[in-house]
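Participant:
There are 2 protein chains.
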Amino acid sequence: MSLDERKLKILQAIITDYIATAEPVGSRTIAKKYNLGISSATIRNEMSDLEEMGFIIQPHASSGRIPSDLGYRLYVDRMLKQHKLKDDEKKIVGSVINRNINQIQYLMDETARLISKMTNYTAIFSEPALKNTTLNKINFMSLNETDIMIIIAADGNIIRNKIVSVNYMPEEDILYEISRVVTAEFHGQGIENIDQIAIDKLYRELNGYGELVSLLMDFIQEIAESSNMGKIHFSGTNNILTFPEFSDIEKAQSLFKTLEKTDALSSLLAGNAGSDMQIYIGNETGIEEMKDCSIVTTTYDFGNNITGTIGILGPTRMDYSQVVSVLKSMAGNIEDVINNINKDDENSC
Amino acid sequence: MSLDERKLKILQAIITDYIATAEPVGSRTIAKKYNLGISSATIRNEMSDLEEMGFIIQPHASSGRIPSDLGYRLYVDRMLKQHKLKDDEKKIVGSVINRNINQIQYLMDETARLISKMTNYTAIFSEPALKNTTLNKINFMSLNETDIMIIIAADGNIIRNKIVSVNYMPEEDILYEISRVVTAEFHGQGIENIDQIAIDKLYRELNGYGELVSLLMDFIQEIAESSNMGKIHFSGTNNILTFPEFSDIEKAQSLFKTLEKTDALSSLLAGNAGSDMQIYIGNETGIEEMKDCSIVTTTYDFGNNITGTIGILGPTRMDYSQVVSVLKSMAGNIEDVINNINKDDENSC
DNA sequence: TGTTAGCACTCACTTGTATTGAGTGCTAAT
DNA sequence: ATTAGCACTCAATACAAGTGAGTGCTAACA
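Protein sequences, first through last, are from chains A and B. Just add 228 to wherever you are in the first sequence, counting from 1, and you've got my numbering. Just add 228 to wherever you are in the second sequence, counting from 1, and you've got my numbering.
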């Protein structure tokens, strides 16, 4: 029994129909809707074969068939034709891009919202991990008599700040000088593995201001640690409620709960480091509560080895071709914006 | 027909029971569970009166009664006894507080999560509005050859930053000097109504660096505008799914949609400026989709007239006394943390 | 030998009907 | 004024019969 052209066509029809209706699809439906030039009886025979081969499943005797994880997998791997973005979809994408946003966080948020709107699924994104990032600039700024804000700028336009309080507040000018020295010493250092020699040297050079240096080191370590598990953000989670597979409120809730403790998901997203487009279908996610879900992720590049992940979470019967092309286009756009950040002020609106 | 003690007791019993069960409560139930020393028949008569007075409603003939908005209102206004925080609740509160957080955003997030966890309702909070805030310190910091980060520190430990690109990048030292001059000029100015004289003076003093000044002015205006409608955050929205009144998935979805476009909600939260504890019951929210919800809000004080709002969104039958006391305690805690921010480093964990 | 028509069978879903039970209102007795 | 008792209401539940979409199998056909 071989997987010939006709079987593929029937499988495709089943998947297409099931994506649209979320209802098990029967042989007669296929015969009527997709004119493959064969009768329902023949289709029945073929479907019987496809089921035996594991590509489709019969939820209960005498119901139509639905694609199995394996079926989706085959579809994704072999039959995914690049879905072309429709014109109006393109327009929406443009409108966000042209706004010339320069806060990455905000950009990501907007992108996620856009994705969830365009696909009616749930968008996921993780904050860019700072691993392998190099420090760029460090600044101390006094806020009042006791508080100082430490600002760390790293490659890829990544900025973190923290307010700390000090026992001894240096003069304004001294603080500036300290910033200069620290920056000179740490510039170019990897955030996760700062040279111990540089640290020692700093403590010596800034004799008398050890408090500041140690507060800084704390902060840097804090960043390095926290960035290992970039926070995950969602947009359009309520779209989940529109999926018929979650019309059972219990199921929807358990999925929401799973999304909240994002550990598992986090490692899933991290798994995509580098590869172009990752697709997890049903049980491939490795998360029990997500066996009816698929996740498609891709990475975007901040330059300097810093990458973030965006993805889409939907039911296994989601429209893979649309999802893939939306993601592809979005990742490209994010990179464009990031790389041209503030470089095209002239054509702002 | 007067609202005597006994009627109040019966109403209280109805509300208490309905909060717990979300089921219409009948006379026999009350007679059995709450030993008021009267028979179910008497209670029936009283309930009939209460219904006529508008405090309870009969969803359909021959069902139990449920409290009306008016009933809740009476309950809240007249019978709300201060709910004492249980010991274990107190412990949870302490654990967050002691972590000595100094990022306000993070603190708010944690607080909201805590509130939603303790109450099993949905927590709402708005970012503090910057209205009436005075500028404290302004700093320009170069990031690379073309980009500058503008940092604005305002009263109440509020920090905003923005990355802008400039055509001409001043020397590092000049940038520092500019920061100094700008800070000196703008310190103490209200963020929404900066003295035009000061602005003019600044342009004169910083002759040749007008670009920076105008970028700064843009940013300040941006902040002033955006802060008028502080963004609203939620925590535990999925708790909504556990409310039986939203077991109809359509209803849940329409509520979620309403929450997403937060305009209406935003003005609701803003309405609480200054007052201690605001309670909106059912239709009092003025939002059609929320007629089965109540919102309790309170404000917290950053000092210097800067206030934010936290609140709880739950079904109208929510446990008002618990909610009020949790909110009260939390608002107090936030203020404590904010006011002692970084002032108690010695007992950190 | 592959395809099709026909038929019996399965099973979720719908519809209609009867039953149950929690709850009310009213009336008469205490 | 309170209570017991009774008839009545109505949502919810349970059950039975009917419907229809779909399958598998077999025999006939090209």
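Using N, Cα and C, we set each Cβ at its ideal position, and we do this for glycine too.
#1: Would you report the Cα separation of I238/B and S230/B, rounded to the nearest angstrom?
#2: Contact check, D297/A vs I509/A under 8 angstroms by CB: the rounded distance?
#3: Can you give me the C-alpha to C-alpha distance between K390/B and T470/B, rounded to a whole angstrom?
#4: When you compare the CB of M346/A with every CB in chain B, is at least one pair closer than 8 angstroms?
#5: Return helix, strand or coil for P295/A, following the three-state DSSP convention.
#6: Using a Cβ-Cβ cutoff of less than 8 angstroms, which residues in the same chain neighbour Y303/A once the five nearest sequence positions on both sides are dropped?
#7: How big is the Cα-Cα spacing for E379/B and I386/B?
#8: By a C-beta neighbour count over all protein chains shown, 10 Å radius and 16 as the cutoff for buried, is Q424/B buried or exposed?
#9: List the residues of chain B that F484/A touches, going by C-beta distances under 8 angstroms, in chain order.
#10: Go through its chain and collect everything with a Cβ distance to S323/A's Cβ below 6 angstroms, but skip five positions before and after it.
#11: Kindly indicate which three-state DSSP category G322/B falls into: helix, strand or coil?
#12: When we look at the beta-carbon of T361/B and count the other beta-carbons within 10 Å, is it buried (16 or more) or exposed?
#13: Cβ of M505/A versus every heavy atom of the ligand COA: is any distance shorter than 7 angstroms?
#14: Against chain B, which members of the segment 361-373 of chain A pass a CB distance test of less than 8 angstroms?
#15: From D383/B to N364/B, what does the alpha carbon distance come to, in whole angstroms?
#16: Would a C-beta distance cut-off of 8 angstroms place N466/B and F484/A closer than the cut-off?
#17: Starting from the C-beta of I366/B, find all residues in its chain whose C-beta is less than 8 angstroms away, skip the five residues before and the five after it, and write them out in chain order.
#18: What do you get for S202/A, buried or exposed, if any count of 16 or more other CB atoms within 10 angstroms of its CB means buried?
#19: Which residues in chain A have a C-beta closer than 8 angstroms to the C-beta of Y404/B? List them in chain order.
#20: Please list the terminal residues of the continuous beta strand (DSSP E) segment that includes T526/B.
#21: Please compile the residues from chain A whose C-beta is within a distance smaller than 8 angstroms of the C-beta of M445/B.
#22: Terminal residues of the continuous beta strand (DSSP E) containing S255/B?
#23: Is the separation between the beta-carbon of E453/B and that of V394/B shorter than 8 angstroms?
#24: Please work out which residues of its chain come closer than 8 angstroms, Cβ to Cβ, to N263/B, disregarding the five sequence neighbours upstream and downstream, and give them in chain order.
#25: Would a C-beta distance cut-off of 8 angstroms place K345/A and D277/A closer than the cut-off?
#26: Measure from the C-beta of M546/A to each C-beta in chain B and report whether the shortest distance is under 8 angstroms.
#27: Output yes or no for whether 8 angstroms exceeds the beta carbon distance between Q286/A and E279/A.
#28: For E400/B and T374/B, what's the separation of their Cα atoms in angstroms?
#29: Of the choices M397/A, P398/A, Q449/A, whose alpha-carbon is the least far from that of I422/A?
#30: Just how far apart, CA to CA, sit I460/B and A340/B?
#31: Compare the C-beta of I378/A with all C-beta atoms of chain B and state if any pair is closer than 8 angstroms.
#32: Given a cut-off of 8 angstroms, decide if A250/A and R545/A are closer than it, judged by their beta-carbon atoms.
#33: Three-state secondary structure (DSSP) at S475/B?
#34: Give me the chain B residues within the contact set of A480/A, using Cβ-Cβ distance strictly less than 7 angstroms, ordered along the chain.
#35: D553/B: which of G514/B, I468/B, M505/B sits nearest, CA to CA?
#36: Whose C-beta lies closer than 7 angstroms to the C-beta of E563/B among residues of the same chain, with five residues either side of it excluded?
Facilitator: The relevant details are as follows:
#1: Taking the second sequence and counting its residues from 1, the one referred to as residue 238/B is at position 10. Taking the second sequence and counting its residues from 1, the one referred to as residue 230/B is at position 2. Straight-line Cα distance between these residues: approximately 14 angstroms.
#2: Stepping through the first sequence from its first residue, residue 297/A is reached at position 69. Stepping through the first sequence from its first residue, residue 509/A is reached at position 281. About 5 angstroms separates the CB atoms of D297/A and I509/A; that is less than 8 angstroms, so the two are in contact.
#3: Counted from its first residue, the second sequence places residue 390/B at position 162. Counted from its first residue, the second sequence places residue 470/B at position 242. One alpha carbon belongs to K390/B, the other to T470/B, and they sit about 41 angstroms apart.
#4: Along the first sequence, one-based indexing puts residue 346/A at 118. Chain B contact via Cβ: absent.
#5: Here residue 295/A is taken as the residue at index 67 of the first sequence, counted from 1. If DSSP states are grouped into helix, strand and coil, P295/A belongs with the strands.
#6: Position 75 of the first sequence, counted from the first residue, corresponds to residue 303/A. By the criterion of a C-beta distance shorter than 8 angstroms, Y303/A is surrounded in its chain by L239, Q240, I243, P295, Y548, once the five residues flanking it on both sides are discounted.
#7: Within the second sequence, numbered from 1, the residue matching residue 379/B stands at position 151. Within the second sequence, numbered from 1, the residue matching residue 386/B stands at position 158. The sequence as given places Ile at residue 379/B; Glu does not occur at that position. CA-to-CA, the gap between I379/B and I386/B works out to about 10 angstroms.
#8: Position 196 of the second sequence, counting from 1, holds the residue named residue 424/B. Exposed is the call here.
#9: For this step, residue 484/A is matched to residue 256 along the first sequence. Under the 8 angstroms cutoff, chain B gives N466, L469.
#10: Walking along the first sequence from the start, residue 323/A turns up at place 95. Model confidence at S323/A stands at a pLDDT of 44, short of 50, so the residue's coordinates are unreliable; what they give is reported in the following sentence. If we look at S323/A and ignore the five residues flanking it on each side, it has no Cβ neighbours.
#11: For the purposes of this step, residue 322/B is taken as the residue at position 94 of the second sequence. Per-residue confidence for G322/B stands at a pLDDT of 47, beneath the threshold of 50, marking its modelled position as unreliable; no derived number is given.
#12: The count along the second sequence starts at 1 and reaches residue 361/B at position 133. Burial of T361/B is indicated by the presence of at least 16 other C-beta atoms within 10 angstroms of its C-beta.
#13: The ligand COA is absent from the structure shown, which contains no ligands of any kind.
#14: So the close ones are N364, K365, N367, M369, S370, L371, N372.
#15: As a position in the second sequence, residue 383/B is number 155, starting the count at 1. As a position in the second sequence, residue 364/B is number 136, starting the count at 1. So the alpha carbons of these two residues sit roughly 6 angstroms apart.
#16: Translated into positions along the second sequence, residue 466/B becomes position 238. Translated into positions along the first sequence, residue 484/A becomes position 256. With contacts defined as CB atoms closer than 8 angstroms, N466/B and F484/A qualify as a contacting pair.
#17: Along the second sequence, one-based indexing puts residue 366/B at 138. The answer, listed in chain order, is I378, I379, I380, A381, S407, V410, T411, F414, L444.
#18: The structure shown has nothing for residue 202/A, since chain A only spans 229 to 577.
#19: On the second sequence, residue 404/B is found 176 positions in, with the first residue counted as 1. Proximity of chain A to Y404/B at the Cβ level (cut-off 8 angstroms) is accounted for by Y404, in chain order.
#20: Here residue 526/B refers to the residue found at position 298 when the second sequence is read from its first residue. Looking at the DSSP string, the run of the beta strand (DSSP E) that includes T526/B is 521-529.
#21: The residue you call residue 445/B lines up with position 217 of the second sequence. Under the 8 angstroms cutoff, chain A gives no residues; its nearest Cβ is about 16 angstroms from M445/B.
#22: On the second sequence, position 27 is the one that residue 255/B refers to. Element bounds for S255/B: not the beta strand (DSSP E) but the alpha helix (DSSP H), 255-261.
#23: For this step, residue 453/B is matched to residue 225 along the second sequence. For this step, residue 394/B is matched to residue 166 along the second sequence. Taking 8 angstroms as the Cβ cut-off, E453/B and V394/B do not qualify as a contacting pair.
#24: Translated into the one-based positions of the second sequence, residue 263/B becomes position 35. Within the same chain, and ignoring the five residues on either side of N263/B in sequence, no residue has its Cβ closer than 8 angstroms to its Cβ.
#25: For the purposes of this step, residue 345/A is identified with residue 117 of the first sequence, where counting begins at 1. For the purposes of this step, residue 277/A is identified with residue 49 of the first sequence, where counting begins at 1. Not a contact, by the Cβ cut-off of 8 angstroms.
#26: Taking the first sequence and counting its residues from 1, one reaches residue 546/A at position 318. Cβ-Cβ to chain B under 8 angstroms: no for M546/A.
#27: Within the first sequence, the letter at position 58 stands for residue 286/A. Within the first sequence, the letter at position 51 stands for residue 279/A. Cβ atoms of Q286/A and E279/A: closer than 8 angstroms.
#28: The residue labelled residue 400/B in the question sits at position 172 within the second sequence. The residue labelled residue 374/B in the question sits at position 146 within the second sequence. Rounded to the nearest angstrom, the two C-alpha atoms are 12 angstroms apart.
#29: By one-based count along the first sequence, residue 422/A stands at place 194. Nearest Cα to I422/A within the set M397/A, P398/A, Q449/A: Q449/A.
#30: Within the second sequence, the letter at position 232 stands for residue 460/B. Within the second sequence, the letter at position 112 stands for residue 340/B. CA-to-CA, the gap between I460/B and A340/B works out to about 11 angstroms.
#31: In the first sequence, counting from the first residue as 1, residue 378/A sits at position 150. Output row for I378/A: interface = no.
#32: What you label residue 545/A is simply residue 317 of the first sequence in a count that begins at 1. What you label residue 250/A is simply residue 22 of the first sequence in a count that begins at 1. Contact: yes.
#33: The residue labelled residue 475/B in the question sits at position 247 within the second sequence. It is coil, neither helix nor strand.
#34: For the purposes of this step, residue 480/A is taken as the residue at position 252 of the first sequence. Those are L469, listed as they occur along chain B.
#35: Your numbering for residue 553/B matches position 325 in the second sequence. A quick correction: the sequence has Ser, not Asp, at residue 553/B. Checking every option, the nearest Cα to that of S553/B belongs to M505/B.
#36: As a first step, residue 563/B is located in the second sequence; it is residue number 335 there, counting from the start. Only Y528, D529 meet the Cβ criterion.
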